[in-house]
Amino acid sequence: MSHSNKTLLYRQSIEDKVYSSIAAYEIDGYGKAEFAEHGSRTSGTFRRAYTMMPFEYMEKTSKDFDWSFYPVTETEGIKEIINKFIVNFDKFREEGKGLYIYSKAKGSGKTLLSCVLANELLERKSINIKFITVLDFIEMTKKGFKSDKAVEDMENIRNATVLILDDIGVQMSKEWVDSVLYRLINHRASNKLVTIFTSNIKAENLKIDDRITQRIEKMTIPLYLPEVSVRKQLTEQENNNFLSNITCSLES
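Put into structure tokens, the structure is as follows:
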């Protein structure tokens, strides 16, 4: 039942895994009514499910980012920027400042770090965050917007409080690609919306329209991860553990 005019009488918090409170309303033409309200609607867990980030990273937080893979001498400045971004996010948001996470090494942890930052913010702030690879975003625009859902999805990406644009620089260099990226990035820069980029290429070396590069440089703080392939090291560890377990089984 939908009622356009209702007045909140009170809201009482409750301990429940699904609901967070009981709210009472005075509804015109109906009277008093109580509703159990979903806490998940504003919780970090609920909002995280709508970020579109890779499933494997949805629950990752700062404790899951293993800095031991990197040389200690190369991580102090990085950690300082990350801490400032999380703790002082309101100031970053006010200025529309995001991050440009860069490392030439594939599998260095850029995407994981961007998702860790998103999850940390979602636990602290009632904001909306979207994640999309640049190639997927371009593919969305190529397919066009033939439904209300497609239009809504695009608007949610364009206007997200924080947008993670993953793997910028890998897309094909075409004029229409530049046009698509320019419209998105210029919109976010003009409206001071926080954007986190990940890339294997320095912003200044991106093979895209200079106008886009200039906006990216202005709207982000560069954060260069050490040239370490964490993915390769993890794969080696998994293989070694696998072989070690097999050896133990044979011996027993």
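When we follow numbering that gives the first Met the number 0, the leftmost residue of the sequence shown carries the number 0, and every step to the right adds one.
Even for Gly, the Cβ is constructed at its ideal location relative to N, Cα and C.
Source: prediction; values computed, not measured.
- Check the Cα spacing between G108 and each of V176, M139, T6, D165: the tightest is with D165.
- Contact check for I195 against G76 fails: the beta carbons are separated by 8 Å or more.
- DSSP places G97 inside the beta strand (DSSP E), whose first and last residues are 97–101.
- Every unbroken stretch of the beta strand (DSSP E) spanning 3 or more residues and falling wholly within the stretch 127–195 is given here in chain order: 128–132, 161–165.
- Within the model, the alpha-carbon separation for E73 versus D147 is close to 47 Å.
- If you draw a straight line from the Cα of S61 to the Cα of K90, it is about 20 Å long.
- Sorting V193, T132, V150, P225 by C-alpha distance to the C-alpha of M218 places V193 at the top.
- DSSP, read as helix, strand or coil, puts Y49 in coil.
- The C-alpha of K206 lies about 18 Å from the C-alpha of A104.
- Shown here, Y69 sits in coil according to DSSP, grouped into three states, outside any helix or strand.
- Counting along the chain, the unbroken alpha helix (DSSP H) around T110 starts and ends at 109–123.
- The C-alpha of V71 lies about 11 Å from the C-alpha of K78.
- For the 8 Å CB-CB criterion, Y181 and D208 form a contact.
- Residue burial annotation: R210 is exposed, with fewer than 16 other C-beta atoms found within 10 angstroms of its C-beta.
- Per the coordinates, the alpha-carbon of L112 lies some 23 Å from the alpha-carbon of L183.
- Straight through space, the alpha carbons of I156 and A202 are spaced by roughly 21 Å.
- I215 counts as buried, since at least 16 other C-beta atoms from the protein chains shown sit within 10 angstroms of its C-beta.
- Taking 8 Å as the cut-off, the Cβ atoms of F64 and V227 do not count as close.
- Among the bridge pairs identified by DSSP, L222 is matched with I100.
- Taking C-beta atoms under 8 Å as the contact rule, Y99 and P221 qualify, at a distance of about 5 Å.
- By the beta-carbon neighbour count (other beta carbons within 10 angstroms, threshold 16), A188 is buried.
- Here V169 is near L134, since their CB atoms are less than 8 Å apart.
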